[in-house]
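Have a look at the structure below, then the notes.
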Amino acid sequence: MKEKTRANVYKAFVGEAKAYFRLAAFAQRADEEEFPQIAHLFRAIAQAEHVHATSHLKLLEDLIVSDSDTNLRESFNREKTVTDNIYPELIKVAEAEGERRALITFSHARDAEEVHLKLYERALVNTMSEKDTEYYVCEVCGYVVEKSLPDKCPICGVKQDKFRQID
Numbered sequence: 005m006k007e008k009t010r011a012n013v014y015k016a017f018v019g020e021a022k023a024y025f026r027l028a029a030f031a032q033r034a035d036e037e038e039f040p041q042i043a044h045l046f047r048a049i050a051q052a053e054h055v056h057a058t059s060h061l062k063l064l065e066d067l068i069v070s071d072s073d074t075n076l077r078e079s080f081n082r083e084k085t086v087t088d089n090i091y092p093e094l095i096k097v098a099e100a101e102g103e104r105r106a107l108i109t110f111s112h113a114r115d116a117e118e119v120h121l122k123l124y125e126r127a128l129v130n131t132m133s134e135k136d137t138e139y140y141v142c143e144v145c146g147y148v149v150e151k152s153l154p155d156k157c158p159i160c161g162v163k164q165d166k167f168r169q170i171d
């Protein structure tokens, strides 16, 4: 794929992915405000945006998705950058500006990313192990736990019922 077209496909992918998440949030708000038909509309269009993003990603797949070992290494490296460089800077700015809610969400994300980093590291050591592992994700802060659920999330403190098992 030529350079400009590839850049445009990537922009379209990012835009559609953002739209999907934005519309999902709009649907949740409409549900909270007891507008079920509006929520239903937002979910339908969010799903359409997901289809668009997936279609664009498929065009880029051979350029950004590799074999599983390479994908693991790439994910580990990206997670390390986010954990070591990006979130510390975001946290510093939120602290300096007195933005407590941003500070909390950035701190929770950074702490969860550190756990993700360890999971990737363990997977790299045991690459392609056939060992079946259960994973659960805290739907509040993104903490990932293997095997068994904690009584409460060690990062944000929510109860066990806020974890979702990943298939």
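Counting from 1, position 135 in the sequence shown corresponds to residue 139 in this note's numbering; the numbering is continuous, with no gaps.
No residue lacks a Cβ here, since even glycine has one placed at the ideal position from N, Cα and C.
Bear in mind the structure is a predicted one, so any value in this text is a computation, not a measurement.
{"Check": "Which residue comes first and which comes last in the beta strand (DSSP E) that contains Q169?", "Outcome": "F167 to I170"}
{"Check": "Indicate whether the contact test is met: 3 or more Cβ pairs, each with one atom in the region 12-30 and one in the region 50-70, closer than 8 Å.", "Outcome": "yes"}
{"Check": "Is the Cβ-Cβ distance between A57 and A21 less than 7 Å?", "Outcome": "yes"}
{"Check": "For E83, is the classification buried or exposed, using 16 other Cβ atoms within 10 angstroms of its Cβ as the cut-off for buried?", "Outcome": "buried"}
{"Check": "If you follow the alpha helix (DSSP H) that E20 is in, where does it begin and where does it stop?", "Outcome": "E7 to E36"}
{"Check": "Measure the alpha-carbon distance for I49 versus E36 and round it to whole angstroms.", "Outcome": "18 Å"}
{"Check": "Please list, in chain order, all residues of the same chain as V162 whose beta carbon is under 6 Å from its beta carbon, the five residues on each side excluded.", "Outcome": "V144"}
{"Check": "CB Y147 to CB Q169, shorter than 7 Å?", "Outcome": "no"}
{"Check": "Check whether the region 72-81 touches the region 96-109, taking contact to mean three or more Cβ pairs, one atom from each stretch, closer than 8 Å.", "Outcome": "no"}
{"Check": "Rounding to the nearest angstrom, what Cα-Cα distance links Q41 and F25 in this structure?", "Outcome": "18 Å"}
{"Check": "Which of the three DSSP states, helix, strand or coil, is assigned to Y140?", "Outcome": "strand"}
{"Check": "Taking V149 as part of the beta strand (DSSP E), name the residues at either end of that continuous run.", "Outcome": "V148 to E150"}
{"Check": "Report the CB separation of E118 from T137 in whole angstroms; it is logged as a contact under 8 Å.", "Outcome": "Not really, about 19 Å apart at Cβ, beyond 8 Å."}
{"Check": "Return the chain-ordered list of same chain residues with a C-beta closer than 7 Å to the C-beta of F30, the five sequence neighbours on each side being excluded.", "Outcome": "F46"}
{"Check": "Output the distance between the C-alpha atoms of E150 and E99, rounded to the nearest integer angstrom.", "Outcome": "32 Å"}
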